[in-house]
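K.L.:
Note that the UniProt record's numbering numbers the sequence shown so that position 35 is 35, with each residue one more than the last. All residues carry an ideal CB built from backbone N, CA and C; glycine is no exception.
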Amino acid sequence: MPRIAILDAHPGAGRFCTALADSYATAAQEAGADIRRIVLRDMAFDPILHNGYAQVQPLEPDLEAAFEAIEWCDHFALFYPTWWGGHPALLQGFFERTFLPGTAFKYHENDPFWDKLLKGRTAEAITTMDTPALYYRMMNRNAGPNRMKRTILEFTGMKAKVRLIGSLRNTSEDQRKALLKWAGKRGAAKGAS
1 MPRIAILDAH
11 PGAGRFCTAL
21 ADSYATAAQE
31 AGADIRRIVL
41 RDMAFDPILH
51 NGYAQVQPLE
61 PDLEAAFEAI
71 EWCDHFALFY
81 PTWWGGHPAL
91 LQGFFERTFL
101 PGTAFKYHEN
111 DPFWDKLLKG
121 RTAEAITTMD
131 TPALYYRMMN
141 RNAGPNRMKR
151 TILEFTGMKA
161 KVRLIGSLRN
171 TSEDQRKALL
181 KWAGKRGAAK
191 GAS
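Right, here's the structure in full:
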């Protein structure tokens with residue numbers, strides 16, 4: 001049975017990212033996956049990494065539980081909006097506080113390389129934006145998705161894909177229904193694998 005951790009990383013409640021995450025989770029569960037949900041906006045934690053990694057900042061219980069779900073999973077799915085070209089500050093704070101040296105990655109002492117401690121997992125990030133996806137890719141050189149994929153998910157060893165849903169503010173109700181169905185198909189495919 002596939003184990004999927006799903007992170008709803010929209011800072012606000014009742015947003016389309018949550019509907020996408022719900023559709024994905026429901027379909028994955030119906031296809032046979034074991035699901036653990038993480039709702040970032042409901043978590044109690046300090047998103048600021050006050051001293052970098054030079055001084056240990058103990059994890060709050062919600063961060064411990066979230067990282068346990070990520071360690072437990074075979075597949076990590078996350079849903080977030082793109083604001084100002086990248087992911088929201090709250091999500092960045094989550095990564096900075098949770099993906100720690102010694103748990104998500106470990107630098108080598110005598111060379112510039114590192115061990116990827118979350119290796120063996122796949123990840124799929126689905127991000128929404130009001131900007132047309134093609135325009136974003138061309139004008140911003142896909143900066144936000146590249147950062148998410150390469151410097152966060154793949155840095156820790158996950159085999160990752162980032163999918164853009166653009167022009168969200170201009171979508172009709174029928175287009176949104178089609179996007180929810182698409183997210184459900186993505187979840188069902190992962191749930192059946």
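Between T156 and P145, how many whole angstroms is the CB-CB distance? I'm expecting something under 8 Å.
P.N.:
In the sequence shown, the residue the question calls residue 156 occupies position 156. In the sequence shown, the residue the question calls residue 145 occupies position 145. Incorrect: roughly 16 Å between the Cβ atoms, too far for contact.
K.L.:
I165 to M129, Cα distance in whole Å?
P.N.:
Mapped onto the sequence shown, residue 165 falls at position 165. Mapped onto the sequence shown, residue 129 falls at position 129. Their backbone Cα atoms lie some 6 Å apart in a straight line.
K.L.:
Leaving out five residues before and five after K149 in sequence, what residues of the same chain have Cβ atoms less than 6 Å from its Cβ?
P.N.:
What you label residue 149 is simply residue 149 of the sequence shown in a count that begins at 1. Here the set comprises A160, V162.
K.L.:
Can you name, in chain order, every residue of its own chain whose Cβ lies under 6 Å from the Cβ of P88, other than the five neighbours on each side?
P.N.:
Here residue 88 corresponds to residue number 88 of the sequence shown, with the count starting at 1. Contacts found: P11.
K.L.:
If we count the other Cβ atoms within 10 Å of its Cβ and call it buried at 16 or more, is Y107 buried or exposed?
P.N.:
As a first step, residue 107 must be located in the sequence shown, where it is residue number 107. Answer is exposed; the Cβ neighbour count stays below 16.
K.L.:
To which residues of the same chain is Q55 closer than 6 Å at the C-beta, ignoring the five residues directly before and after it?
P.N.:
Taking the first residue of the sequence shown as position 1, residue 55 is located at position 55. Hits under 6 Å: none found.
K.L.:
With the cut-off set at 7 Å, would you say F76 and E60 are in Cβ contact?
P.N.:
If you number the sequence shown from 1, residue 76 lands on position 76. If you number the sequence shown from 1, residue 60 lands on position 60. When the beta-carbon positions are compared, F76 and E60 stay at least 7 Å from each other.
K.L.:
For a quick check, are the C-beta atoms of A5 and A69 less than 7 Å apart?
P.N.:
Residue numbering aside, residue 5 sits at position 5 when the sequence shown is read from its first letter. Residue numbering aside, residue 69 sits at position 69 when the sequence shown is read from its first letter. Result yes, Cβ atoms of A5 and A69 sit closer than 7 Å.
K.L.:
DSSP state of P128, grouped into three classes?
P.N.:
Here residue 128 corresponds to residue number 128 of the sequence shown, with the count starting at 1. The sequence as given places Thr at residue 128; Pro does not occur at that position. DSSP, read as helix, strand or coil, puts T128 in strand.
K.L.:
Buried or exposed for M158, going by 16 or more other Cβ atoms inside 10 Å?
P.N.:
Counting from one through the sequence shown, the residue named residue 158 turns up at place 158. Classification of M158: buried, given that the 10 Å Cβ count is 16 or more.
K.L.:
By alpha-carbon positions, which one of G52, S23, T103 ends up nearest to W182?
P.N.:
By 1-based counting over the sequence shown, the position of residue 182 is 182. Among G52, S23, T103, the Cα nearest to that of W182 belongs to S23.
K.L.:
Between G184 and R147, how many whole angstroms is the CB-CB distance? I'm expecting something under 8 Å.
P.N.:
Position 184 of the sequence shown, counted from the first residue, corresponds to residue 184. Position 147 of the sequence shown, counted from the first residue, corresponds to residue 147. That belief does not hold up - the Cβ atoms of G184 and R147 are roughly 27 Å apart, past 8 Å.
K.L.:
In whole angstroms, what is the alpha-carbon distance linking V39 and M138?
P.N.:
Taking the first residue of the sequence shown as 1, we reach residue 39 at position 39. Taking the first residue of the sequence shown as 1, we reach residue 138 at position 138. CA-CA distance, V39 to M138, rounds to 31 Å.
K.L.:
Using a 10 Å radius around the Cβ and a threshold of 16 neighbouring Cβ atoms, would you call Y136 buried or exposed?
P.N.:
Numbered from 1 along the sequence shown, position 136 holds the residue referred to as residue 136. Looking at its Cβ environment, which holds 16 or more other Cβ atoms inside 10 Å, Y136 is buried.
K.L.:
Check whether the Cβ atoms of A19 and G187 sit closer than 7 Å, and answer yes or no.
P.N.:
Taking the first residue of the sequence shown as position 1, residue 19 is located at position 19. Taking the first residue of the sequence shown as position 1, residue 187 is located at position 187. No, they are not a contact pair.
K.L.:
Which two residues bound the contiguous alpha helix (DSSP H) that contains K161?
P.N.:
Position 161 of the sequence shown, counting from 1, holds the residue named residue 161. Counting along the chain, K161 falls outside any alpha helix (DSSP H), though it belongs to the beta strand (DSSP E) covering 159 to 165.
K.L.:
Does the Cβ-Cβ distance between A31 and A192 come in under 7 Å?
P.N.:
Here residue 31 is taken as the residue at index 31 of the sequence shown, counted from 1. Here residue 192 is taken as the residue at index 192 of the sequence shown, counted from 1. Yes, the Cβ-Cβ distance between A31 and A192 is below 7 Å.
K.L.:
Since H75 sits in a beta bridge, which residues does DSSP pair it with?
P.N.:
Taking the sequence shown and counting its residues from 1, the one referred to as residue 75 is at position 75. Per DSSP, I4, T122.
K.L.:
Pull up the distance between the alpha-carbon of G93 and that of E173, whole angstroms please.
P.N.:
On the sequence shown, residue 93 is found 93 positions in, with the first residue counted as 1. On the sequence shown, residue 173 is found 173 positions in, with the first residue counted as 1. Between G93 and E173, the C-alpha separation is close to 33 Å.
K.L.:
Would you grab the beta carbon distance between C73 and R3 for me? Rounded to a whole angstrom, and I think it's under 8 Å.
P.N.:
Looking up residue 73 in the sequence shown gives position 73. Looking up residue 3 in the sequence shown gives position 3. Right, the Cβ-Cβ distance comes to about 5 Å (below 8 Å), so this counts as a contact.
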